[in-house]
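*Asks:* There's a structure below that I have some questions on.
Numbering (UniProt numbering), first residue to last: 1 to 74.
Take a look at the structure:
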């Protein structure tokens with residue numbers, strides 16, 4: 001399953017993270033983890049269910065600014 005690490009902007013409200021997490025699970029991701037210290041999210045997903053573009057759109061709709069993307073395909 002592909003994994004994407006997203007560096008989020010330095011200012012993230014927990015409510016926005018929770019909202020994005022819920023929306024991503026509804027779309028079919030397998031796992032979402034957020035590191036408050038590093039300001040990074042780890043999303044494990046299946047390409048049949050959701051694309052990186054859709055992940056980005058969900059985050060942007062919740063006013064979360066992505067500063068970096070690192071994709072790992074497995």
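Using N, Cα and C, we set each Cβ at its ideal position, and we do this for glycine too. Please read these numbers as outputs of a predicted model, since none were measured by experiment.
Following the continuous alpha helix (DSSP H) through residue 43, name the residue where it begins and the one where it ends.
*Replies:* Walking along the chain shown from the start, residue 43 turns up at place 43. Not the alpha helix (DSSP H): residue 43 falls in the beta strand (DSSP E), residues 40-44.
*Asks:* On the DSSP bridge assignment, give the partners of residue 71 in chain order.
*Replies:* Sequence index remark: in the chain shown, residue 71 carries index 71 (1-based). According to DSSP, which records beta bridges pairwise, residue 71 is partnered with 4.
*Asks:* For residue 44, I'd like the list of residues in its chain whose CB is within less than 6 Å of its CB, leaving aside the five on either flank, ordered along the chain.
*Replies:* One-based indexing of the chain shown puts residue 44 at position 44. For residue 44, where only same-chain residues beyond five positions count, the Cβ hits under 6 Å are 1, 3, 30, 31.
*Asks:* Could you check whether residue 41 and residue 8 sit closer than 8 Å to each other, using their CB atoms as the reference points?
*Replies:* Here residue 8 is taken as the residue at index 8 of the chain shown, counted from 1. Here residue 41 is taken as the residue at index 41 of the chain shown, counted from 1. Yes, Cβ-Cβ distance for residue 8 and residue 41 is below 8 Å.
*Asks:* Considering only DSSP beta bridges, list what residue 35 is partnered with.
*Replies:* For the purposes of this step, residue 35 is identified with residue 35 of the chain shown, where counting begins at 1. In the DSSP output, where bridge partners are listed per residue, residue 35 has 40.
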